[in-house]
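Below is one structure; the comments refer to it alone.
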Amino acid sequence: MNSPITLNNITITATPVRYQEQILTSEALDFLSALHTAFEPRRAELMQRRQVNRARIANGRDPKFLDETRAIREDDSWQVAPIAPGLEDRRVEITGPIERKMAINALNSGAKVWLADMEDASSPSWQNVIKNQVNLIRILDKELDFTAPDGREYKLNSYELTELPTIVVRPRGWHLPEKHLLVAGTPMSGALVDFGLHFFHNAKRLLAAGRGPYYYLPKLENHLEARLWNEVFNMAQDLLDIERGTIRATVLIETITAAFEMEEILYELREHSSGLNAGRWDYIFSIIKNFRSRGPRFVFPDRDTVTMTAPFMRAYTEQLVRACHRRGASAIGGMSAFVPNRKDASINEIAFGKVREDKAREAADGFDGSWVAHPDLVSVAREVYDEVLGENPNQLQRTREDVQVSGPALLNVESVTGKITERGIRDNIDIGIRYIESWLRGNGAVALRNLMEDAATAEISRSQLWQWIHQSAITDEGEIITRRWVQELTEETMDNLERFEGDRFEEAVEIFEACALRDDFPSFLTKNAYLRYLDAPARTLEMAGYVVKTRPAENSRP
Numbered sequence: 237m238n239s240p241i242t243l244n245n246i247t248i249t250a251t252p253v254r255y256q257e258q259i260l261t262s263e264a265l266d267f268l269s270a271l272h273t274a275f276e277p278r279r280a281e282l283m284q285r286r287q288v289n290r291a292r293i294a295n296g297r298d299p300k301f302l303d304e305t306r307a308i309r310e311d312d313s314w315q316v317a318p319i320a321p322g323l324e325d326r327r328v329e330i331t332g333p334i335e336r337k338m339a340i341n342a343l344n345s346g347a348k349v350w351l352a353d354m355e356d357a358s359s360p361s362w363q364n365v366i367k368n369q370v371n372l373i374r375i376l377d378k379e380l381d382f383t384a385p386d387g388r389e390y391k392l393n394s395y396e397l398t399e400l401p402t403i404v405v406r407p408r409g410w411h412l413p414e415k416h417l418l419v420a421g422t423p424m425s426g427a428l429v430d431f432g433l434h435f436f437h438n439a440k441r442l443l444a445a446g447r448g449p450y451y452y453l454p455k456l457e458n459h460l461e462a463r464l465w466n467e468v469f470n471m472a473q474d475l476l477d478i479e480r481g482t483i484r485a486t487v488l489i490e491t492i493t494a495a496f497e498m499e500e501i502l503y504e505l506r507e508h509s510s511g512l513n514a515g516r517w518d519y520i521f522s523i524i525k526n527f528r529s530r531g532p533r534f535v536f537p538d539r540d541t542v543t544m545t546a547p548f549m550r551a552y553t554e555q556l557v558r559a560c561h562r563r564g565a566s567a568i569g570g571m572s573a574f575v576p577n578r579k580d581a582s583i584n585e586i587a588f589g590k591v592r593e594d595k596a597r598e599a600a601d602g603f604d605g606s607w608v609a610h611p612d613l614v615s616v617a618r619e620v621y622d623e624v625l626g627e628n629p630n631q632l633q634r635t636r637e638d639v640q641v642s643g644p645a646l647l648n649v650e651s652v653t654g655k656i657t658e659r660g661i662r663d664n665i666d667i668g669i670r671y672i673e674s675w676l677r678g679n680g681a682v683a684l685r686n687l688m689e690d691a692a693t694a695e696i697s698r699s700q701l702w703q704w705i706h707q708s709a710i711t712d713e714g715e716i717i718t719r720r721w722v723q724e725l726t727e728e729t730m731d732n733l734e735r736f737e738g739d740r741f742e743e744a745v746e747i748f749e750a751c752a753l754r755d756d757f758p759s760f761l762t763k764n765a766y767l768r769y770l771d772a773p774a775r776t777l778e779m780a781g782y783v784v785k786t787r788p789a790e791n792s793r794p
C-alpha cells in the first residue's frame, strides 16, 4: 500500500487509480474541504438524532405527524420551485450504475430521465468513486464509449444533452463516510464527496448545455436532513458563483419517518425541490429496521408477497402523490426491477404483464412517472404512462385532495397477507450472500433470478431473517425460525454455491451473518461492509478511528 498524502488539508489514503488526478484537483479539494468544514458537525449531529429516534420507536413510540410543523402542512400558499429544464416530463426514468456500458444503454434507452446512481446500485470502492465522476464528465466531453471483450462497440446515439435522458445523479446517503478522504483524521461524508465532485466539475457545463445540476437524495429520515441538504446547495452555488435555486433535488421517501414529513421535506428544499420518489424496497427495510423488536404486528411475510397493493403501501404512495401535487412537485413511482430473459419468452410475458399492472396503478393514482431498471422495460412503462398522460408532460393538476392523510394507515403493517416459508428463508440467504459477494468485487447492481438487485434488497433479506429469528416467527410448515436453523441453511447455501477464482463468498458470508444472525443489528449492512472489507487495508481505517479486522486490499484494475 502507498503512503497517504495530504493535499489542501485532505489526506488521501487510497491506492491511486487512473484519472484520480483529473478529479481530485487542487480546486476540487478546496471545494470539498469547505463543504466538510461547514457541514460535518451538523451531519454528525443528525446521525446521532437518528439513533435517538430509533430508540424511541423501539420503546413503543410510533412516528407521527409533527405538531411543531403543523403550520407548514396547513399553509396552502407555498409551492416548490418551478420545474427546471429537462424535468417537465419524467414519465419513464431508468436507473443504474455509472459504468460505461450500462450508462450508454441507459442514455440510448428512450427514457426521459437517467438516474446515474452512486448509491445503492454502486459499490463504493475507490476505483468506482473516481470512475463514476470520470464517466459523467466524459458524457459532457462527448467521449463516452465502450468496447466489449467480444468486440462489440457501444456509443451514444447523440451527445446533445437536450436529446438524451435528463441526467439526475444520486450521491450516497448522509450515513455513509468516504474513508479514503480524511480531514484531521475524520472521514469525509460520502454524500458530500459524491455531490461536491459532480457539482464542481459539471454544474456550469450542464447549464450551458441546456440542463442543470440535478440530484436524487437518498435515505433521508426527516425534514432536518433535507434542511441540511438545502444549506449545502446554497453554499455550493455561492462558492461557484451560480445563482441560488439552480440545483434541483428529488427526495426518495424510503424511510418510515420521512413518510410522516413529506410536505416538510418539500418545504425545506422548496427553492431546490423537484419532487419525491416512492423508494419501495428501502421503505420496507426501514419499517423492519425500526419496528423489528415491536412484536408480531410488524413481522412481514416472505419478501415477494409484500406488494404495492398492500394497504400500508397504498397509503404511502397515495399520500406521496397528494403531498407532491399540492406543492407543484413531481411524484415519481417505484422501481420495476425485472430483467428480461432473452432465452425464455414465457417468463417475459408474465413479468411484462406485472410491470404493466404496476405502472398502470401508479399512473391512475396520479404519479408523473416511474422507474425501470432495464432498457427493455422503457417502452413497457412509457406505453402505460402515454395512455394516461397523452400529450401532457405530467399530471400535477391532480392534487388528490380525496386522499385521506392518515398516520395509522402508514403503519398498518398487520394488513399484509402472505406466509413465511422455508423457501423465503432460503431465498433471503441466497440473494443476500450472492449480492454482497458481487458488491465486494465492485458490482452494485446484480441480476439475480431475473431481477436487478441492489443494496436495498440485500438489506431486506438480512433484516427479515434477523426479525424472524428474534420474534420466533413460524413458517407455514410449522417450523420455528431459530438462529441455529438459519445458520444451517446458510452453510447449506455455501456448500451449493458455484465457486470461482477470486470470488469473495467467504467474506460475504461473514458480513451477512454479522448483520443477520447476531444479537446487535447494524443500521446499514453496506456501511459495515464498506468500512471493514471494501478495498480497506486495516491501517487506513485505524487512522479514521475504527477497530477492524485485517483484510487484504482489493485487487482492482485501474
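Residues in the sequence shown are numbered from 237 upward in steps of one, following the numbering used here. Beta carbons: idealized from backbone N, C-alpha and C, even for Gly. Note that the structure is predicted; figures quoted are calculated from it, not measured.
Can you give me the C-alpha to C-alpha distance between residue i and residue j, rounded to a whole angstrom?
| i | j | result |
| --- | --- | --- |
| residue 409 | residue 283 | 11 Å |
| residue 438 | residue 733 | 43 Å |
| residue 341 | residue 706 | 43 Å |
| residue 387 | residue 367 | 22 Å |
| residue 297 | residue 303 | 15 Å |
| residue 682 | residue 693 | 11 Å |
| residue 295 | residue 285 | 15 Å |
| residue 328 | residue 615 | 9 Å |
| residue 545 | residue 589 | 15 Å |
| residue 738 | residue 423 | 29 Å |
| residue 460 | residue 281 | 11 Å |
Assuming residue i contacts residue j (C-beta within less than 8 Å), just tell me the rounded distance between them.
| i | j | result |
| --- | --- | --- |
| residue 464 | residue 279 | 7 Å |
| residue 498 | residue 489 | 6 Å |
| residue 572 | residue 505 | About 27 Å separates the two Cβ atoms, so there is no contact after all. |
| residue 797 | residue 503 | Here the chain comprises residues numbered 237 to 794, so residue 797 is not present and cannot be evaluated. |
| residue 434 | residue 362 | 16 Å between Cβ atoms; not a contact. |
| residue 462 | residue 510 | The pair is not a contact, with the Cβ atoms about 13 Å apart (cut-off 8 Å). |
| residue 521 | residue 568 | Actually they are not in contact, since the Cβ atoms of residue 521 and residue 568 sit about 19 Å apart, beyond 8 Å. |
| residue 747 | residue 672 | 5 Å |
| residue 266 | residue 244 | 5 Å |
| residue 535 | residue 709 | 6 Å |
| residue 630 | residue 399 | So it is not a contact: roughly 20 Å between Cβ atoms. |
| residue 611 | residue 345 | 4 Å |
Classify residue i: buried if its beta carbon has 16 or more other beta carbons within 10 angstroms, exposed otherwise.
| i | result |
| --- | --- |
| residue 291 | exposed |
| residue 369 | buried |
| residue 755 | exposed |
| residue 736 | exposed |
| residue 720 | exposed |
| residue 288 | exposed |
| residue 562 | buried |
| residue 579 | exposed |
| residue 651 | exposed |
| residue 717 | buried |
| residue 418 | buried |
| residue 258 | exposed |
| residue 558 | buried |
Residue i lies in the beta strand (DSSP E); which residues open and close that run?
| i | result |
| --- | --- |
| residue 415 | 413–419 |
| residue 251 | Taken as a continuous stretch (DSSP letters only), residue 251 belongs to no beta strand (DSSP E), as it is neither H nor E. |
| residue 351 | 349–353 |
| residue 381 | 381–383 |
| residue 453 | 450–453 |
Given a cut-off of 8 Å on the beta-carbon distance, is the pair residue i and residue j in contact?
| i | j | result |
| --- | --- | --- |
| residue 649 | residue 533 | yes |
| residue 711 | residue 656 | yes |
| residue 646 | residue 551 | yes |
| residue 685 | residue 725 | no |
| residue 554 | residue 636 | yes |
| residue 599 | residue 332 | no |
| residue 516 | residue 700 | no |
| residue 576 | residue 654 | no |
| residue 336 | residue 380 | yes |
| residue 270 | residue 476 | no |
| residue 348 | residue 626 | no |
Residue i lies in the alpha helix (DSSP H); which residues open and close that run?
| i | result |
| --- | --- |
| residue 430 | 426–444 |
| residue 305 | Where residue 305 is concerned, there is no enclosing alpha helix (DSSP H), given that its DSSP letter is neither H nor E. |
| residue 283 | 262–294 |
| residue 544 | Residue 544 -> no alpha helix (DSSP H), and no H or E assigned at all. |
| residue 732 | 719–732 |
| residue 742 | 741–752 |
| residue 767 | 761–768 |
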